[in-house]
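One structure is given here, and the rest of the page talks about it.
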Amino acid sequence: MTPATTGLDTLLPLAADALGLRPAELRGRGDRRSFAALGGSSLQAVRLVGEAARAGVDLPLHRVLGPEPVGTVLRAATPLPPAAPSAPVAEPTAVRAALPGQTGMLSVADLAHGSAYHLLFTAEVEGAPAAAVAPALTALAERHEGLRTVFVPADPDTGRIGRRVLRHARPVIRHQTLRAAHGTDPVTTVHTQLAGASEALLRPYERPPVHCTVTTVTRSGAADRVLVSVLAHHALLDGWSFGVLFDELAALLAGRPLPTPAPSPESVLAAHRARTAAPGRQETLRDRAERLRQVPQVLELPTDARRPAHWEAVGERLPAALGPAATRAWRDLARTTGTTTTVVLLAAYALALGRRSGAGELLVGMPVAGRQDPAARDVLAPCSPLVPVHCVLDDTATVTEYVVAVSRALGDAVAASDVPMEDLVPALGARHDRRRNPLVQFVLGVHDELIPHRVRHGDVTLHLHEGHCRGAPFDATLYVQRTGDEPRLVLEYAHGALLPEEALDLLNAVEHTIEELSGRPTAPLAEVRTTTPAQQARLDALREGPRLPPEAADSDLWSLVLATARAHPGAPAVRDRDTALTYAELVCAVTAQAAALTDAGITDGDAVLPAVERGVSEIVAVLAVLALGAHYVAIDPATPDERLRTLLAVLPPAAVLATADPAGSAFAGRVETACPRPVRRVAAVDAGAASRTRQPAVEPPAPRGDRVAYVAFTSGSTGVPKAVRVPHRAVARLVWPSPGQVVSCGPGRRMLRLAPLAFDASTLEVFAPLVGGGCVEVHPPGLVAPAELARFLLEREVDVLWLTAGLFRLMADFAPHGFARACHVLAGGDVVAPEQVRALLTRYPALRVTNGYGPTENTTFSTVAHFDDPCEGTGPLPIGTPIPGSGALVLDTAGRPVPPGGVGELYVTGLGLALDYAGDPERTAEAFRVLPAASERAYRTGDLVRLTGAGQLCFLGRADRQVKIRGFRVEPDEIRQALTALPGVRDAAVVAVGADASERRLAAGVVPDGSVTLFLPELAARLARTLPGHCVPALWSVLDEVPLTANGKVDAAVVAAGARPLDEEDAGDAGGGEPFEEPRPDSGPGAATPAPAPAPDPATELARAAWTHALGRLPSGPDADFFRAGGDSLAFARMVAWLGKEHGVRIAPRELYASPTLRTLSA
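The opening position of the sequence shown corresponds to residue 1 in full-length UniProt numbering, with each subsequent residue numbered one higher.
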């Protein structure tokens, strides 16, 4: 490096001195390496900038800390402009303006925990007597205005805070003698004592004003050990100030006099005002705000902690020593990338936060030593503004590129440090949130450069220790307390943001991330997962799940049922209202039905559609199909004709198995008509009669676990339903006897059979008892009401039952007595309410409640969470852990594992996976994948989850717009496409209304194209011909345009706000004309004034109240149809249950279902 200017000649020895190099060494290396690459730290850079300013040269701090060669930075330095006039000396009694940042810290102390910004440091004194401490402290208070400052109201009308400097130095010094117990550390004891009392000792708002600094001198032990503990409010002193304070205390104790007075904090205020008034300052603010405008303003780590409604700023500190490997990696990576160790730590911290939060870019706060002015170096005042550092986690960049980018981002933040947070926050339009700090929630602080571990002057040595007063103004702050050979990190975390084990996980992850980054400097950042070996072990356990024996993978359901029948031939197997069969009788009936199917040509691999109502005959039909190696296709008989044609086109059955009754015969006829190819009709046998006749045994095909057992249809985003082909092994793993099996339904146990056959939960209801040796108790077909179901459960002495989340809530609220004989209740299909779980477990202590989660593509349950005590049902219920034979992974959008606690999409693996979507290889490949993260096939659920500290998966919502209606997965886009295909509809929006599973409904908003007059009931009717009932919206509205949010998404709140049921008077006409209204005979001119309507009778009033309770609105008239008004089976059950519980009125569900009007209900 060749000197080119006088400025360079001036700066070169200063830079060399700051780096601990000889000028000749720096001259040779400075053109190739940055200040950081030459070993420079942030504090050394600040001191170099200060010395340059003293020499009259302007050296930008952000460039010194940046990646440029130091020679380039020194050459670019320019002369400082003329110094501003010194700040006038204020009168001692005058009220002065608060320094930058003081008001904010004091307001946090006032609104949150009082110790949020309390700082505590203790110096162990060697080489000076205790009697010398008080005079030295008094001299320091005389020298420094900051030690004599109190806070007072500057403007009583606005509440603005000001400062007043006391004329005389009378520091608060408390003396005590400590006789520490053997084995205890006196420093720890004193810190515990003072931290607990800090709120009482420091009271910045006390009137009259009191000191905001308290010193305690402690004598401890026979050796007269002296401890000097300084407790101060951060609004008066920052970390640098404590470093200055203890350095000067050591000097005074060593007999070295100090000049009086020290520089006044007014110089800090004057410099701040000068920067505020500087030309271009507003442009700097606007530029900084524009750069950060698209960055998320809230970074929240997923946690099991409950964030309080008002931020309390209370927490703990968790210390950790950086291990030798991580220490080497830390320094190696700084050297390799030409950055500082501070930058490396910031990069590791930001990456660990990003991997857990799912954020691709985030803001991390960093205090910056704002003491480039030499006059500010000895000032005791808060001169460390917090700056937000914009960290971008570009997974396509290499590790080195990422670290260098973080270094540049830190430089940008330092360059804009003149823009205070109190100006930046409103410039960004950040909303006030009482639950967290604005804009920056996670902070990195480097204390080791500000507060040394040891201070020495002459024969006096101070050993410094940092305490903690349980304040935590941010979600988490990572401190570097000490570097050297044994670096020490401390994570300060708020109780409302993280639990202790989560904080430890984060701290361990930062250390591990440093090693990962350093070990692979040229690797893509995407490969750095920030997951420690212990954390990875938790992910591995989740991925592998509980094991099942190898024979489970090759199981055949009919073979398992046969084995049970041989073991328990005389035990009850199935029972409905008319028929009861033992296992031996069940086998006979199945054999007879299989013979009939064989006679019709059904064989291995064929599809059969059972058109049989729920009952014993339905179970016989299913088993007969499976016994032949065929598979059954379950379709709801209420499916509209157009929808039925669509389903059968996807997977046409070879036969329809139907009963001779009108319902079965009619559905079979519809299937024959809708099927694109000829379908054989096979008569369902009379199960009771067939069970008493001997038939030649069916010769089943060789058992194969991958043989298709059944096909279930799910919603498709393209409008085309998906036919999910489920193999035998998937159901077998669900009911396989094992220590961790989902449900035990052995001999003597009775399980409810209630779910539609088209719903995969029916497999659990049928095969859990039939494989375990229990009995299937079949509920009569048709709608169910809580009171009626409760009677059935008690009469049949049902032990085990599965209910949808919505029906479970209704039963728990309106008919909890129905669970009196149950030992195990399983619920799922949607979010299960914890309140009802707690209530049931409180009422029935011997009961177990299970929250089961699983998509159709992974056969009923993928994970379960069991609850046996009310105390376990607090907060949102987890969905648990994988069931035997299944595994789970939590992955990010790129398919890479998310660390424990982080949010990601759930993928499931194992024996429960479906084979494919029949005839749809493209969507099969999209949903079922072999992932790098797992050596086996996995299904992408689309559900967002996180793994809690307790090892349980917690459901957080959907990654897409899919919703659950009555337990069925529904794609709103499928319904929207169907709507826009109808004449007269230009656009449409479909949203879900209601958070609870028992109340959630679909609302549709349609935009007319003006070509025809839209009649909403006709739209609903047309939609019902092509979509299943749960996909037809219950609420409707007409829109001028589809409303959008600021982010361009459909504004669901606006769509839902205007939607109403179809039978309301103003919902008839959607074309913009007059509301539809039936003509009235006497409504013409000259018509007689109608007589006043008679007052409704009590029965009608009660019916109207029940209707309103279920739907949230009054009926439009006596012939209003409950289901057209937005009702569904769950709302129907809720209405019937309310009448029974609140008014003792028992309704026959079947009769009301046949004519679901207000008139029928009133009767």
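Ideal Cβ positions, reconstructed from N, Cα and C, are used throughout, including at glycine.
Just so we're clear, the structure is a prediction, and the values are computed from it rather than from any experiment.
Return yes when the Cβ of residue j is within less than 8 Å of the Cβ of residue i, no when it is not.
| i | j | result |
| --- | --- | --- |
| L26 | A16 | yes |
| V708 | P727 | yes |
| L657 | V682 | yes |
| L847 | C823 | yes |
| T860 | P882 | no |
| V616 | D576 | yes |
| L1002 | I975 | yes |
| L201 | P171 | no |
| G221 | A270 | no |
| V314 | A494 | yes |
Can you tell me whether residue i is buried or exposed, with buried defined as 16 or more other CB within 10 angstroms of its CB?
| i | result |
| --- | --- |
| E248 | buried |
| D485 | exposed |
| A637 | Checking the sequence, you will find Pro at residue 637 rather than Ala. It counts as buried. |
| residue 1227 | Nothing can be reported for residue 1227: it is not among the residues displayed for the chain, which extend from 1 to 1163. |
| T1157 | buried |
| D418 | buried |
| A1034 | buried |
| H310 | exposed |
| S1011 | exposed |
| A1163 | exposed |
| G875 | exposed |
| A573 | buried |
| P1098 | exposed |
| A689 | exposed |
Run through the DSSP bridge pairs and tell me what residue i is partnered with.
| i | result |
| --- | --- |
| A1036 | The sequence as given places Trp at residue 1036; Ala does not occur at that position. Paired residue(s): A1004, R1060. |
| A992 | L1002 |
| A97 | G162 |
| W802 | L826 |
| R575 | A580, E777 |
| C391 | L362 |
| A476 | F442, Y493 |
| Q193 | Note: Q193 sits in no beta bridge, so no partner. |
I'd like to know whether the C-beta of residue i is nearer than 8 Å to at least one C-beta of chain C.
| i | result |
| --- | --- |
| G887 | Considering every chain present, this structure includes no chain C. It has just one protein chain. |
Requested in this report: Count the C-beta pairs between the stretch 591-600 and the stretch 664-677 that are closer than 8 Å, then say yes if the count reaches three, no if not.
Outcome: The stretch 591-600 and the stretch 664-677 do not touch, with fewer than 3 CB-CB distances between them shorter than 8 Å.
Query raised in the report: Is there contact between the stretch 377-385 and the stretch 923-943, where contact requires at least three CB pairs shorter than 8 Å?
Result: no
Requested in this report: Could you tell me which uninterrupted alpha helix (DSSP H) segments, each at least 4 residues in length, are contained entirely in the stretch 604-658, listed from first to last along the chain?
Outcome: You should have 616-627, 641-650.
Query raised in the report: Can you give, in chain order, each stretch of the alpha helix (DSSP H) that sits fully within the stretch 400-460 and has at least 4 residues?
Result: 421-427
Requested in this report: Only counting runs of 4 or more residues, tell me where the alpha helix (DSSP H) segments fall wholly within the stretch 201-265, in order along the chain.
Outcome: 239-253
Query raised in the report: Using 8 Å as the threshold, is the stretch 810-824 in touch with the stretch 1130-1147, meaning 3 or more CB pairs across them?
Result: yes
Query raised in the report: Below 8 Å, can you find three or more Cβ-Cβ pairs linking the stretch 438-458 to the stretch 284-291?
Result: no
**Report entry** Contact between the stretch 317-333 and the stretch 506-518 (3+ Cβ pairs under 8 Å)
**Finding:** yes
Query raised in the report: How do the stretch 734-753 and the stretch 789-799 stand: do at least 3 beta-carbon pairs fall below 8 Å, yes or no?
Result: yes
Query raised in the report: What are the complete alpha helix (DSSP H) segments, minimum 4 residues, inside the stretch 817-864?
Result: 834-843
Report task. Can you check the stretch 280-341 for any alpha helix (DSSP H) of at least 4 residues that lies completely inside it and give the ranges in chain order? Result -> As far as the stretch 280-341 is concerned, its whole alpha helix (DSSP H) runs of at least 4 residues are 281-292, 324-337.
Query - Unbroken stretches of the beta strand (DSSP E), 3 residues or longer, contained in the stretch 489-522 - result: none
Report task. Give a yes or no on contact between the stretch 40-58 and the stretch 18-25, applying the rule of three or more CB pairs nearer than 8 Å. Result -> Verdict: yes, contact present.
Requested in this report: At 4 residues or longer, and completely inside the stretch 908-983: list those alpha helix (DSSP H) runs for me, N to C.
Outcome: Along the length of the stretch 908-983, whole alpha helix (DSSP H) runs at least 4 residues long occupy 921-927, 972-980, reported in chain order.
Requested in this report: Would you list, in sequence order, the uninterrupted beta strand (DSSP E) runs of no fewer than 3 residues that lie entirely inside the stretch 696-772?
Outcome: 708-714, 722-727, 750-753
Query raised in the report: Would you call the stretch 411-429 and the stretch 394-402 in contact, with 3 or more CB pairs under 8 Å?
Result: no
Query raised in the report: Given 8 Å as the limit, is there contact between the stretch 462-470 and the stretch 322-332, that is, 3 or more CB pairs closer than that?
Result: Fewer than three Cβ pairs drawn from the stretch 462-470 and the stretch 322-332 lie within less than 8 Å of each other, which leaves the two stretches out of contact.
**Report entry** Segments of 3+ residues assigned as beta strand (DSSP E) that fall wholly inside the stretch 111-153
**Finding:** Counting whole runs of 3 or more residues, the stretch 111-153 contains the beta strand (DSSP E) stretches 118-126.
Query raised in the report: Does the count of Cβ pairs from the stretch 210-219 and the stretch 95-108 closer than 8 Å reach three?
Result: no
Requested in this report: Report yes or no: do the stretch 273-282 and the stretch 435-442 share at least 3 C-beta pairs separated by less than 8 Å?
Outcome: no
Query raised in the report: Is it a yes or a no for the stretch 220-234 touching the stretch 117-130, going by three-plus beta-carbon pairs under 8 Å?
Result: They touch, by the three-pair rule.
Report task. Answer yes if the stretch 774-782 comes into contact with the stretch 634-653, meaning at least three C-beta pairs across the two stretches below 8 Å, and no otherwise. Result -> no
**Report entry** Contact between the stretch 733-752 and the stretch 619-626 (3+ Cβ pairs under 8 Å)
**Finding:** Contact between the stretch 733-752 and the stretch 619-626 is absent, because fewer than three Cβ pairs lie under 8 Å.
Requested in this report: Count the C-beta pairs between the stretch 877-892 and the stretch 474-489 that are closer than 8 Å, then say yes if the count reaches three, no if not.
Outcome: Counting Cβ pairs under 8 Å, fewer than three are found: no touch.
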